[in-house]
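> Starting off with a structure, shown below.
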Amino acid sequence: MSQLQEKIKALAKEQSAQVIAHRRHLHSNPELSFEEFKTAGYVAQQLRAIGLDPQEGFAGTGVVAIIEGRNAESRTVGLRADMDALPILEANDVPYKSLVPGVMHACGHDVHTSSLLGTARILHQLKDEFDGTIKLVFQPAEEKAPGGASLMIKEGVLENPRPASMVGQHVAPNIPVGKIGFREGMYMASTDELYLTVKGKGGHAAAPHQLVDPVLMASHIIVALQQIISRNRNPANPAVLSFGRFIADGVTNVIPDEVTIQGTWRCMDEVWRAEGLGKMKKLAEGIAESMGGSCVFDIVHGYPFLKNHPELTRRIRTAATQYMGAENIVDLDLWMAGEDFAFYSQVVDSCFYRLGTRNEARGIVSGVHTPTFDIDESALEISTGLMSWLAIAELAS
């Protein structure tokens with residue numbers, strides 16, 4: 177295997193300029209969730225150029241390709257990259273700056289896609305040197321509910337052949353380039369959106385006795401809902417309830433008829449996720465009713481929590497250590513952000529790791545979902561080679 181690892185590193189280095197070119201093309205031409213038509217076409221074109229026969233149209237714009245090694249039926253490993261961009265106006269002054277006003281690859285999906293294209297080329301060149309099958313999944317709409325992963329799964333992406341495991345990566349602007357992060361077990365949170373409309377009876381602020389004040393009701397609800405975190409949740413079970421929008425459209429002397437509130441509910445346990453939502457709905461409606469008004473409590477269910485299968489993650493981490501060296505492997509903390517790779521992790525053994533992209537010396541420090549996000553592109557040589565090695569090592573496990 178050591179000779180194969182050296183071949184992979186040589187191939188990753190040899191094609192690094194091409195992978196960077198892929199990344200810059202994708203970065204300059206971003207597309208929003210479920211609109212990745214040109215991106216999908218580019219991916220399919222590059223896969224055909226390698227010699228693969230991609231299947232297009234999963235979840236609208238998803239692309240899937242198969243690489244068969246020796247004894248192709250023995251085992252299958254899935255590798256996933258997401259392709260969509262965000263509605264952000266890019267502020268970077270770089271040659272590959274977004275050409276689409278108000279749309280930007282600010283979460284690194286251009287990195288994930290170009291990296292998997294590079295990995296595809298390496299694995300296809302080495303297909304006579306490993307046993308099993310690699311399934312490449314280029315997925316749309318990670319950024320928008322219900323998530324491209326859930327739709328691709330419904331359309332059979334995990335069948336024919338069914339992967340024994342799924343592996344994915346994500347850029348990490350908080351981790352220095354050259355390092356890789358892992359965490360076993362629960363890693364990222366479920367994400368649900370909350371939309372409350374608190375209704376009362378508005379009127380003149382100088383006559384509160386004639387009104388049913390929705391501002392007061394909504395304020396009580398906001399405060400009371402936090403007791404679900406502090407008093408109903410097991411303290412060992414991470415969860416976050418946050419409200420970022422509170423609209424009471426009155427003026428200094430006018431109380432409105434209704435108040436709208438928007439928030440997010442994030443958990444690391446699917447049972448508590450459902451229980452907490454039920455308690456919140458009941459509490460909010462009860463408070464409003466007790467104060468003479470009403471509350472409409474709407475829930476938009478998002479992604480489940482992401483769990484890294486412990487045994488698989490240990491194997492992947494061991495293989496990464498062989499490829500990168502122990503000094504370049506770091507432990508990850510729990511992260512309460514959401515990620516639709518979680519859908520794969522709920523139905524098949526999965527591992528989602530982090531690719532370091534930070535370079536403080538070059539000023540590449542901005543976080544994801546910001547208009548100045550960028551990466552140290554030397555991470556692409558690492559990512560293509562590493563994922564190739566991880567896939568082959570997992571097939572051989």
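Convert by adding 176 to the 1-based position in the sequence shown; the result is the number in the numbering used here. Glycine included, every Cβ here is placed at the ideal spot set by N, Cα and C.
Counting beta carbon pairs with one atom in the stretch 418-432 and one in the stretch 467-482, are three or more of them shorter than 8 Å?
No, the stretch 467-482 is not in contact with the stretch 418-432.
> So, at 6 Å on beta carbons, what are the nonlocal neighbours of residue 497 in its own chain, with the 5 sequence-adjacent residues on each side left out?
So the list reads 505, once near-sequence residues are dropped.
> Determine the extent of the alpha helix (DSSP H) in which residue 178 is found, giving its start and end residues.
178-190 is the extent of the alpha helix (DSSP H) around residue 178.
> In the DSSP assignment, find the unbroken alpha helix (DSSP H) run with residue 232 in it and report its ends.
Run containing residue 232: none in the alpha helix (DSSP H); it sits in the beta strand (DSSP E), 231-234.
> Quick check: the Cα distance between residue 523 and residue 240, rounded to an integer number of angstroms?
Computed Cα separation, rounded: 18 Å.
> How many angstroms separate the CA atom of residue 201 from the CA atom of residue 222?
About 12 Å.
> How far does the alpha helix (DSSP H) with residue 414 in it extend, from its first residue to its last?
Here residue 414 belongs to no alpha helix (DSSP H), and DSSP marks it neither H nor E.
> Is the beta carbon of residue 492 less than 8 Å from the beta carbon of residue 527?
The answer is yes: Cβ separation under 8 Å.
> Do the CB positions of residue 508 and residue 530 come within less than 8 Å of each other?
Their beta carbons are under 8 Å apart, which means residue 508 touches residue 530 by this criterion.
> Residues bridged to residue 422 by DSSP?
Answer is 437, bridged to residue 422.
> Using 8 Å as the threshold, is the C-beta distance between residue 414 and residue 500 below it?
No, these two residues do not count as a Cβ contact at 8 Å.
> Can you list, in chain order, the residues of its chain with a C-beta nearer than 7 Å to that of residue 361? Leave out the 5 residues immediately preceding and following it.
For residue 361, where only same-chain residues beyond five positions count, the Cβ hits under 7 Å are 483, 484 and 486.
> Can you tell which of 363, 391, 301 and 460 has the C-alpha that lies nearest to the C-alpha of residue 190?
It is 301 whose Cα lies nearest to the Cα of residue 190.
> Thinking C-alpha only, which one of 273, 353, 404 and 256 is nearest residue 503?
Per the Cα distances, 353.
> Between which two residues does the beta strand (DSSP E) holding residue 341 run?
First-last of the beta strand (DSSP E) with residue 341: 341-352.
> Take residue 495 and list the residues in its own chain whose beta-carbon comes closer than 8 Å to its own, dropping the five residues that flank it on each side.
The answer, listed in chain order, is 565, 566, 569 and 570.
> Is it buried or exposed, residue 356, if we count other Cβ atoms within 10 angstroms and call 16 or more buried?
The residue is buried, with at least 16 neighbouring Cβ atoms inside 10 Å.
> List, from N- to C-terminal side, the beta strand (DSSP E) runs of 3 residues or more that fit wholly inside the stretch 484-513.
Complete beta strand (DSSP E) runs here, min 3: 505-507.
> Starting from residue 449, trace the alpha helix (DSSP H) in both directions and tell me its first and last residue.
Segment 446-466, the alpha helix (DSSP H) holding residue 449.
> If I'm right that residue 234 touches residue 335 with Cβ under 8 Å, what's the distance once you round it to whole angstroms?
Wrong, their Cβ atoms sit about 12 Å apart, outside the cutoff.
> On the DSSP letters alone, give me the boundaries of the beta strand (DSSP E) that residue 315 sits inside.
Looking at the DSSP string, the run of the beta strand (DSSP E) that includes residue 315 is 309-315.
> Sort 277, 293 and 459 by Cα distance to residue 224 and report the nearest one.
Considering only alpha carbons, the answer is 293.
> Assuming residue 366 and residue 514 are in contact, meaning their beta carbons sit under 8 Å apart, how far apart are those beta carbons, in whole angstroms?
Contact flag correct, Cβ pair sits at about 7 Å.
> Could you give the C-beta distance for residue 346 and residue 284, rounded to a whole number, given that I count them as a contact under 8 Å?
Rounded, the Cβ-Cβ distance is 7 Å, consistent with contact.
> Exposed or buried, which one is residue 177 when buried takes at least 16 other CB atoms within 10 Å?
With fewer than 16 Cβ atoms within 10 Å of its Cβ, residue 177 is classed as exposed.
> Roughly how many whole angstroms lie between the Cα atoms of residue 182 and residue 296?
Cα-Cα distance, rounded: 17 Å.
> Any idea if residue 407 is buried or exposed, counting beta-carbon neighbours within 10 angstroms, 16 or more meaning buried?
Residue 407 is exposed by the Cβ-count criterion.
> Taking 8 Å as the threshold (C-beta atoms), are residue 236 and residue 136 in contact?
In the structure as shown, the chain begins at 177 and stops at 573. Residue 136 is therefore absent and cannot be evaluated.
> Measuring straight from C-alpha to C-alpha, what distance separates residue 395 and residue 337?
About 53 Å.
> With H, G and I counted as helix, E and B as strand and the rest as coil, what does DSSP make of residue 394?
Here residue 394 sits in helix by DSSP.
> Note down, in chain order, each residue of its chain lying with its Cβ closer than 7 Å to the Cβ of residue 382, except the 5 sequence neighbours on either side.
429.
> Quick one: residues in its chain with C-beta nearer than 6 Å to the C-beta of residue 215, no 5 flanking neighbours on either side, listed in chain order?
If we look at residue 215 and ignore the five residues flanking it on each side, its Cβ neighbours are 207 and 259.
> Residues in the same chain with beta-carbon distance under 6 Å from residue 549, minus the five sequence neighbours each way, listed in chain order, please.
Within the same chain, residue 549 has close Cβ partners 282 and 542.
> Between residue 423 and residue 378, what straight-line distance do the alpha-carbon atoms span, to the nearest angstrom?
About 14 Å.
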